[in-house]
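Residue numbers (the numbering used here): 29 to 290.
Think of the CB as a built atom: it goes at the ideal place given N, C-alpha and C, for glycine as much as any other residue.
Since the structure comes first, as structure tokens, the remarks are kept for the end.
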């Protein structure tokens, strides 16, 4: 669970209820399609996004023979703030507030909190995480593609696959990842993400199964997450509510008796 997708794995299986879903049926991939054309299509698609988004659901995560369940609430203003609350048995366990340059969270189970930068994720979890990455996973967008010139294009199993190395070097595998974005050839929607961690020899796969049809943005509503490695685990993710909001609040108050995490 220690990875960029930790946030998703903590959210985990959202059982869909009243939301309308859409399943993307893949078109035939054009073997002659140029990388530049695909990147332009992806940019156009991903620039169409909500100004303020509310997501709700509940989650189940299986690892090492243990099952964990939680409800979640996500409030997102693109490129500005992501607020996430996790509850179990009507008790809020964790609340997080992410901005492009800061991380804040309250752990009510252990009565502590953290306020700092994204370096905490690398120091504690051994993974580089940034705001844009978390936002992209929640919205079902590509990761590590927009500002990277070293992108490779392949056609694999009728996907357009955009891949790149992130962090470290091929000679020094510390913090080196191989990221792959699997795109639908017809819509250029991201249908699957893969991140291979060279230092830990494990792969995290995020597969988007269904997308909500309530908004024009087609936010992922049912997702499967797999971790392949020494400690395999998996999760199924389905959102129960997605809505655009005129305004959003991001309440975040630290109880006076809680201890700071350095």
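Sheet register partners of residue i (DSSP bridge)
i           : result
residue 117 : Answer is none; residue 117 lacks a bridge partner.
residue 89  : 96, 263
residue 84  : 101, 269
residue 141 : 134, 288
residue 173 : BP columns for residue 173 are empty, so no partner.
residue 210 : 189, 220
residue 231 : 224, 256
residue 243 : None; residue 243 has no bridge partner.
residue 215 : Per DSSP, none; premise fails for residue 215.
Given residue i as reference, the closest of the options once Cα atoms are compared
i           : options            : result
residue 137 : 149, 143, 121      : 121
residue 164 : 100, 109, 282      : 109
residue 91  : 185, 190, 80, 258  : 258
residue 233 : 242, 239, 220      : 220
residue 244 : 105, 275, 225, 74  : 74
residue 280 : 240, 131, 94       : 131
residue 218 : 224, 247, 226      : 247
residue 238 : 226, 267, 231, 254 : 267
residue 242 : 169, 260, 271      : 271
residue 15  : 69, 107, 116       : The structure shown does not extend to residue 15, since the chain spans only 29 to 290, so no value can be given for it.
residue 159 : 148, 174, 126      : 126
residue 168 : 209, 119, 189, 204 : 209
residue 85  : 58, 162, 97        : 97
residue 261 : 61, 66, 88, 67     : 88
residue 93  : 273, 277, 278, 263 : 263
residue 277 : 146, 145, 71, 82   : 82
residue 222 : 250, 240, 254      : 254
Nonlocal neighbours in the same chain, by C-beta distance under 7 Å from residue i, ignoring five residues either side
i           : result
residue 172 : 192, 194, 207
residue 282 : 134, 141
residue 63  : 179, 181
residue 103 : 82, 111, 276, 278
Where residue i falls: helix, strand or coil (DSSP)
i           : result
residue 68  : helix
residue 276 : coil
residue 63  : helix
residue 179 : coil
residue 167 : helix
residue 152 : helix
residue 122 : strand
residue 161 : helix
residue 74  : helix
Same chain, Cβ closer than 6 Å to residue i, five either side skipped, listed in chain order
i           : result
residue 140 : 286, 287, 289
residue 106 : 77
residue 183 : 57, 59
residue 123 : 113, 134
residue 269 : 84
Other residues of its chain near residue i: CB distance less than 8 Å, five sequence neighbours each side excluded
i           : result
residue 229 : 257, 258
residue 56  : 186, 213
residue 275 : 80
residue 69  : 216
residue 211 : 66, 70, 170, 187, 188, 189, 190, 217, 218, 219
Residue i, enclosing beta strand (DSSP E) - first and last residue
i           : result
residue 189 : 187-194
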